[in-house]
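Working notes, beginning with the structure itself.
2 protein chains.
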Amino acid sequence: MRGLLFSAAICLATSPALSDPLPSWGSTENKSTIISFVESVTDPTSPDYVTPADRIAVFDNDGTLWGEQPVYFQLIYALDRLKAKAEADPSILTSDILRAGAEGDLETIAAGGVEGLLEILAVSHSGMSVEAFQNDVRDWLDEARHPTTDMRYDAMVYQPMLELLSYLRDEGFQTWIVSGGGVHFIRAFAESAYNIPPEQVIGSAGPTEYLDGQVMKLPGIDFVDDKEGKPVGIDNRIGKRPIIAGGNSDGDFAMLEYTTAGDGPRLGILVHHTDAEREFAYDREGHIGVLNRGLDEGPDRGWVIVDMARDWEQVWPE
Amino acid sequence: MRGLLFSAAICLATSPALSDPLPSWGSTENKSTIISFVESVTDPTSPDYVTPADRIAVFDNDGTLWGEQPVYFQLIYALDRLKAKAEADPSILTSDILRAGAEGDLETIAAGGVEGLLEILAVSHSGMSVEAFQNDVRDWLDEARHPTTDMRYDAMVYQPMLELLSYLRDEGFQTWIVSGGGVHFIRAFAESAYNIPPEQVIGSAGPTEYLDGQVMKLPGIDFVDDKEGKPVGIDNRIGKRPIIAGGNSDGDFAMLEYTTAGDGPRLGILVHHTDAEREFAYDREGHIGVLNRGLDEGPDRGWVIVDMARDWEQVWPE
Ligand SMILES: [Ca+2]
Ligand SMILES: [Ca+2]
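Residue numbers (UniProt numbering), protein chains in the order written: chain L, 1 to 318; chain P, 1 to 318.
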């Protein structure tokens, strides 16, 4: 009898049906929708069953898995490095845009468009091996702190999304990052921050060159993994249409459309930044994470629009 | 006693040390080198132990996993499709190179260089969705037969290499294809032929475009996954230096060099086509699979040079 009770206790403790896979999510309809979807595609007796090989979930990074305000964290890294290099050797500031960058003058940088941005990025993002670059990114993550939260940048990851990634992996999904950010930059922390290995990170990429046993980073941009570039990147790298896609801006619209246009069960998720108190509130306007079409068309397309303030009981990890 | 014997029999039957993971390989030094390497990197008590996350093995495709004579099988596909389309509509033959292609005139095609080849490839490799293209490749594989062996092209895979792939996966390796062939082409059969899923295939790629829920193939070439392009592709897609690389030509030299230049245990493998009787014999000369530098420098670099005639007891699957 005691043995039986003991067995029952073990069953209770380990039964997935009785433990909450998303404890930081409030008990809202969005949470139920996500869990019902995962349960239906992983239940072999369900008509919506999907074999493990096809359980591909893709997620945007900036604003979906970690913060992106006041500007993309990768830009803060680039400006920090530009500033430090200019202090050591002011002669590197050979243009107005580089001088603006070293002064952190975001307005001038924004006015400089993509070309100006690439000039700034070139200082920190080229002229070294991929390994050296990633070691430098990790050094920066160790020392840098966010201007308003004073947190480590790689600690500003959304606890509810970490739980979702982990839940999906427990249910046999591959969890991929498909980000407009730089692929080498994201890989420097994706494994420690998200448990996502380098081979499951897709991002924007500059040219590289193989030289004497090393892959070297060159200036410029080869592939922009944003908007229509996201399905293109997914096809090129994964070669399969995902069944779950999560994002937070109209830069993710094509990815969610591509994902949910496939046959069979599909889930689109948009994180709507509604929580000025615990994080940031922004959507239709601004210079980052603009979300218009997703809010207008997402609900009719059956996409889950996550309301951060209402759906998430906790934002940051403890 | 009988129970004990029975247990012992089960142990014998399932013990990895006593079953041969590479039965089609003869008992040669090359086989022992490969097995010793795998055993040392997977033995947690070994100083050469490598964690499963870093057990990345990359393999060239043409001439390494499947045949490549008399010409790359992908070119035969392109010419077959060009010919069929020209029969249905001769007006598509708008240039000398296309006319040569439709006639299977390999000499003129070779003289046309990359530009001519791209013109031929464009007919069968662009203007449709990725899914439609891959369905067509699979149709072709079902109907086409090799000119001298009369085998299905996707049956002309090397049994010893299938065993090596399977052995590596059993030992916790990821097995990737890194091929100069087209990524969409290879993915059409990699899963059925090699048990390698689409997301572990890296190949040359033309531009694509996202349109209304589909990824469409466009003419041209964006990335050539050959020579120095192979380490570049590996870095871009996998983001990690492999510990095993296998190839068969000097197009794989940079990949093997990059792989074996890393710290810790590394294994380079070159398949040397020495078996005119069961397959084809070729190396230093010719238009395909040329192997000079690998033969000259490989042994000093500690790379395994597989002698097909001597090392393989069987070439094709039964
Ligand atoms: Ca975003
Ligand atoms: Ca080859």
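Each residue gets a CB set at the ideal place from its N, CA and C atoms; glycine is no exception. Please read these numbers as outputs of a predicted model, since none were measured by experiment.
Notebook entry, point to check: Near threonine 28 of chain L, what residues of its chain come up, given a Cβ to Cβ distance below 6 Å and the 5 sequence neighbours on each side ignored?
Noted result: The residue you call residue 28 of chain L lines up with position 28 of the first sequence. Taken in chain order, the residues that qualify are Asp311.
Notebook entry, point to check: threonine 274 of chain L: beta carbon under 7 Å from a heavy atom of ligand 1?
Noted result: Here residue 274 of chain L refers to the residue found at position 274 when the first sequence is read from its first residue. For threonine 274 of chain L, the shortest C-beta to heavy atom distance toward ligand 1 is 7 Å or greater.
Note to self: Check whether chain P comes within 8 Å of glycine 239 of chain L, counting only Cβ atoms and requiring the distance to be less than that.
What the structure shows: In the first sequence, residue 239 of chain L corresponds to position 239, counting from 1. At least one chain P Cβ lies under 8 Å of glycine 239 of chain L.
Notebook entry, point to check: Taking the C-alpha atoms as reference points, what is the distance between isoleucine 196 of chain P and threonine 175 of chain P?
Noted result: Within the second sequence, residue 196 of chain P is the residue found at index 196, counting from 1. Within the second sequence, residue 175 of chain P is the residue found at index 175, counting from 1. Straight-line Cα distance between these residues: approximately 7 Å.
Notebook entry, point to check: Hey, is the region 118-125 of chain L in contact with the region 157-177 of chain L, meaning 3+ C-beta pairs nearer than 8 Å?
Noted result: Between the region 118-125 of chain L and the region 157-177 of chain L, the count of Cβ pairs shorter than 8 Å is below three; the stretches do not touch.
Notebook entry, point to check: Where DSSP assigns a beta bridge to glutamine 174 of chain L, which residues make up the other side?
Noted result: Here residue 174 of chain L refers to the residue found at position 174 when the first sequence is read from its first residue. Glutamine 174 of chain L pairs with L/Ile56.
Checklist line | Inter-residue Cα distance where the pair is glycine 294 of chain L and alanine 111 of chain L | finding: Walking along the first sequence from the start, residue 294 of chain L turns up at place 294. Walking along the first sequence from the start, residue 111 of chain L turns up at place 111. As the crow flies, the alpha-carbon of glycine 294 of chain L is around 26 Å from that of alanine 111 of chain L.
Next item on the list: Just jot down, in chain order, the residues whose CB lies closer than 7 Å to any heavy atom of ligand 2.
Entry: Shown in chain order are the residues whose CB sits closer than 7 Å to a heavy atom of ligand 2: P/Asp60, P/Asn61, P/Asp62, P/Gly63, P/Thr64, P/Glu68, P/Gly180, P/Gly247, P/Asn248, P/Ser249, P/Gly251, P/Asp252, P/Gly289.
Notebook entry, point to check: Excluding five sequence neighbours on each side, which residues of the same chain lie with their C-beta closer than 6 Å to the C-beta of glutamine 69 of chain L?
Noted result: Counting from one through the first sequence, the residue named residue 69 of chain L turns up at place 69. Counting only residues of its own chain and dropping the five nearest sequence neighbours on each side, glutamine 69 of chain L has a CB closer than 6 Å to the CB of Phe280.
Margin query: With a threshold of 8 Å, are at least 3 pairs of Cβ atoms found where one atom belongs to the region 252-263 of chain P and the other to the region 48-64 of chain P?
Written below: At 8 Å Cβ cutoff, the stretches touch.
Check: Just to check, is the beta-carbon of glutamate 318 of chain P closer than 7 Å to a non-hydrogen atom of ligand 3?
Finding: Judged by which ligands are present, ligand 3 is missing from the structure shown, whose ligands are ligand 1 and ligand 2.
Note to self: Please list, in chain order, the residues of the region 208-219 of chain P that have any C-beta partner in chain L closer than 9 Å.
What the structure shows: Under the 9 Å Cβ criterion, the region 208-219 of chain P contributes Thr208, Glu209, Tyr210, Leu211, Asp212, Gly213, Gln214, Val215.
Next item on the list: Rank P/Ala102, P/Asp96, P/Ile243 by C-alpha distance to the C-alpha of arginine 81 of chain P and give the top, closest one.
Entry: Within the second sequence, numbered from 1, the residue matching residue 81 of chain P stands at position 81. Of the candidates P/Ala102, P/Asp96, P/Ile243, the residue whose Cα lies closest to the Cα of arginine 81 of chain P is P/Ala102.
Notebook entry, point to check: Along chain L, in chain order, which residues have C-beta atoms closer than 9 Å to that of alanine 205 of chain P?
Noted result: For the purposes of this step, residue 205 of chain P is identified with residue 205 of the second sequence, where counting begins at 1. Residues of chain L passing the Cβ test: Asn236.
Next item on the list: Taking arginine 187 of chain L as the query, report the chain P residues whose CB atoms sit under 8 Å from its CB, ordered along the chain.
Entry: Along the first sequence, read from residue 1 onward, the residue named residue 187 of chain L stands at position 187. Chain P residues near arginine 187 of chain L: Gly239.
Item checked: Segment limits, beta strand (DSSP E) that includes glutamate 209 of chain L -> Position 209 of the first sequence, counting from 1, holds the residue named residue 209 of chain L. It spans 208-211 - the beta strand (DSSP E) in which glutamate 209 of chain L sits, taken as one unbroken run.
Item checked: Neighbourhood of alanine 309 of chain P by C-beta distance below 7 Å, restricted to the same chain and skipping five residues each side -> Against the second sequence, residue 309 of chain P aligns to sequence position 309. Answer for alanine 309 of chain P: Thr274, Asp275, listed in chain order.
Check: Residues in its own chain within less than 8 Å of isoleucine 56 of chain P by CB, not counting five upstream and five downstream?
Finding: Numbered from its first residue, the second sequence carries residue 56 of chain P at position 56. Phe173, Gln174, Trp176, Ile238, Lys240, Arg241, Pro242, Ile243, Ile244, listed in sequence order.
Check: Does the distance from the C-beta atom of glycine 206 of chain P to that of serine 179 of chain P stay below 8 Å?
Finding: For the purposes of this step, residue 206 of chain P is taken as residue 206 along the second sequence, with counting starting at 1. For the purposes of this step, residue 179 of chain P is taken as residue 179 along the second sequence, with counting starting at 1. Not a contact, by the Cβ cut-off of 8 Å.
Next item on the list: Using a Cβ-Cβ cut-off of less than 9 Å, list which residues of the region 45-74 of chain P approach chain L; keep chain order.
Entry: Answer set for the region 45-74 of chain P: Ala53, Ile56.
Margin query: Within the continuous alpha helix (DSSP H) that includes threonine 42 of chain L, where are the two ends?
Written below: Mapped onto the first sequence, residue 42 of chain L falls at position 42. Judged by DSSP secondary structure, threonine 42 of chain L falls within the alpha helix (DSSP H) whose first and last residues are 29-42.
Check: By the criterion of Cβ-Cβ separation under 7 Å, what are the contact partners of residue 320 of chain L in chain P?
Finding: Residue 320 of chain L lies beyond the range of chain L shown here (1 to 318); nothing can be said about it.
Check: Under 8 Å between the Cβ atoms of leucine 270 of chain L and glycine 247 of chain L?
Finding: Within the first sequence, numbered from 1, the residue matching residue 270 of chain L stands at position 270. Within the first sequence, numbered from 1, the residue matching residue 247 of chain L stands at position 247. Contact annotation: leucine 270 of chain L and glycine 247 of chain L have beta-carbon atoms nearer than 8 Å.
Next item on the list: Below 7 Å between beta carbons is the criterion; list the residues of the region 263-284 of chain L that meet it against any residue of chain P, in chain order.
Entry: Contacts with chain P (Cβ-Cβ distance below 7 Å) from the region 263-284 of chain L involve no residue at all.
Margin query: DSSP three-state label for methionine 216 of chain P, please.
Written below: Working through the second sequence from its first residue, we reach residue 216 of chain P at position 216. Three-state result, methionine 216 of chain P: strand.
Next item on the list: Any chance you could list the alpha helix (DSSP H) runs of at least 4 consecutive residues sitting entirely within the region 103-129 of chain L, in chain order?
Entry: Runs of the alpha helix (DSSP H) inside the region 103-129 of chain L: 106-111, 113-125.
Next item on the list: Compare the C-alpha of serine 36 of chain P against each of P/Val315, P/Pro299, P/Gln314, P/Pro265 and name the closest.
Entry: Locating residue 36 of chain P in the second sequence gives position 36, counting from the first residue. Among P/Val315, P/Pro299, P/Gln314, P/Pro265, the Cα nearest to that of serine 36 of chain P belongs to P/Pro265.
Check: Going along the chain, which residues of its own chain have a beta-carbon closer than 6 Å to the beta-carbon of proline 307 of chain P, five neighbours each way excluded?
Finding: One-based indexing of the second sequence puts residue 307 of chain P at position 307. The residue you asked about is not proline; residue 307 of chain P is aspartate in the sequence shown. Once the five neighbours on either side are set aside, the close Cβ partners of aspartate 307 of chain P are His272, Thr274.
Next item on the list: Taking valine 232 of chain P as part of the alpha helix (DSSP H), name the residues at either end of that continuous run.
Entry: Within the second sequence, the letter at position 232 stands for residue 232 of chain P. Element bounds for valine 232 of chain P: 229-237.
Note to self: Considering Cα atoms alone, identify which of P/Ile186, P/Val41, P/Thr33, P/Trp25 is closest to aspartate 263 of chain P.
What the structure shows: Here residue 263 of chain P refers to the residue found at position 263 when the second sequence is read from its first residue. It is P/Val41 whose Cα lies nearest to the Cα of aspartate 263 of chain P.
Item checked: Against chain P: residues of the region 291-307 of chain L by CB proximity under 7 Å -> Contact annotation: in the region 291-307 of chain L, no residue has its CB less than 7 Å from a CB in chain P.
Notebook entry, point to check: Where DSSP assigns a beta bridge to leucine 270 of chain P, which residues make up the other side?
Noted result: By 1-based counting over the second sequence, the position of residue 270 of chain P is 270. Among the bridge pairs identified by DSSP, leucine 270 of chain P is matched with P/Gly247, P/Ile305.
Notebook entry, point to check: So valine 201 of chain P and aspartate 235 of chain L are in contact, right, with Cβ under 8 Å, and what is the actual spacing, rounded?
Noted result: If you number the second sequence from 1, residue 201 of chain P lands on position 201. If you number the first sequence from 1, residue 235 of chain L lands on position 235. Between aspartate 235 of chain L and valine 201 of chain P the Cβ distance is about 12 Å, and since that is not below 8 Å, they are no contact.
Next item on the list: Just grab the DSSP bridge partners of isoleucine 202 of chain P for me.
Entry: Within the second sequence, the letter at position 202 stands for residue 202 of chain P. In DSSP, isoleucine 202 of chain P forms a bridge with P/Val178.
Item checked: For alanine 193 of chain L and aspartate 154 of chain L, believed in contact at Cβ under 8 Å, the rounded distance -> Here the question's residue 154 of chain L lines up with position 154 in the first sequence. Here the question's residue 193 of chain L lines up with position 193 in the first sequence. At roughly 5 Å, the Cβ-Cβ gap stays under 8 Å, so aspartate 154 of chain L and alanine 193 of chain L are in contact.
Notebook entry, point to check: Taking 8 Å as the CB-CB limit, is glutamate 171 of chain P close to chain L?
Noted result: On the second sequence, position 171 is the one that residue 171 of chain P refers to. Output row for glutamate 171 of chain P: interface = no.
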